[in-house]
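Residue numbers (my numbering), protein chains in the order written: chain A, 409 to 534; chain B, 409 to 534.
Glycine is no exception: its CB is placed at the ideal position from the N, C-alpha and C atoms.
Quantities reported herein were computed from a predicted structural model and do not represent experimental measurements.
There are 2 protein chains.
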Amino acid sequence: MSVPAAVVAAMRATNERFSRAVAARDIAAFDAIYTSDALILPPGAQPIQGREPIKAFWQSALVGMDVKAAVLEAVDAELLGPHVFEIGRGVLTVGAGQQVAVKYVVQWRQEDSLWKWHVDIWNPNQ
Amino acid sequence: MSVPAAVVAAMRATNERFSRAVAARDIAAFDAIYTSDALILPPGAQPIQGREPIKAFWQSALVGMDVKAAVLEAVDAELLGPHVFEIGRGVLTVGAGQQVAVKYVVQWRQEDSLWKWHVDIWNPNQ
């Protein structure tokens, strides 16, 4: 089923929140991006469960990769039961300006009136 | 919602079909693994849409990586609307016996009375 326009707008707001949080290295902002019991499956690492460990991962990853910016774009999204299944692509700007293209799948859930990432897996295009 | 036992069994059969297809390099068997309009998001490559291009990818990847065996294990699966969302892990055996651990998310759909992979994204643990 297609995703209601209000949910699409809420999803876009969360993705823009992620872009701002990355640019500002504002890890506290991730509270409004991931659900409390979210799971991430990062390339080159074990799965990480729970928002606090996920925030620690991103703190380390943003500094370690010197991520300056992140832009996400939904390619396809569908409502599956009470949740949303999204396929997307993104570009990270790292270091002196290198662009890293990635693709991802996110399962979205509503929590505290926000739409957040509940399961998040991605990998690089190159 | 939890996945009905009959669907769990059908999913396991598909995963075992994948293991046999990989071991035998039997690309034709992928017709019973991926839906006709499936999408895969492989690490180090662009997204690939459609079963025939996906079969060409696997033909090349199995030979190129010299994959000898693949074992998949569901970690979590839930029924979302008419489809299934699965989080899993796998081990590929390549070359002279090196083990490559991966994790994945698959959206499953029923097609031709089989449960098949409709969206498939994975990445390595190391």
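Under the 10 Å beta carbon count, V471/A is surrounded by fewer than 16 other beta carbons and is classified as exposed.
Remark: C-beta atoms of P451/A and N531/A approach each other more closely than 7 angstroms. Cβ-Cβ distances below 6 angstroms link L500/B to V475, A478 and V508 in the same chain, with the five nearest sequence neighbours on each side left out; the list follows chain order.
For V411/B, there is no enclosing alpha helix (DSSP H), as DSSP marks it with neither H nor E.
Flagged as an interface residue toward chain A: P455/B, by a C-beta distance shorter than 7 angstroms. For F493/B, the uninterrupted beta strand (DSSP E) segment begins and ends at H491 to V502. Under the DSSP assignment, I462/B falls in the alpha helix (DSSP H) whose first and last residues are R459 to G472. If you draw a 10 Å sphere on the C-beta of G496/A, you find 16 or more other C-beta atoms in it, and that means buried. Exclusion of the five residues before and after L449/B leaves P455 and I529 as the residues of its chain whose Cβ lies within less than 6 angstroms of its Cβ. Contact annotation: in the stretch 489 to 512 of chain A, residues whose CB is within less than 7 angstroms of a CB in chain B are G489, H491, F493, I495 and K511.
Taking the CA atoms as reference points, A418/B sits about 45 angstroms from A431/A.
By the neighbour-count definition (other C-beta atoms within 10 Å, threshold 16), R433/A is an exposed residue.
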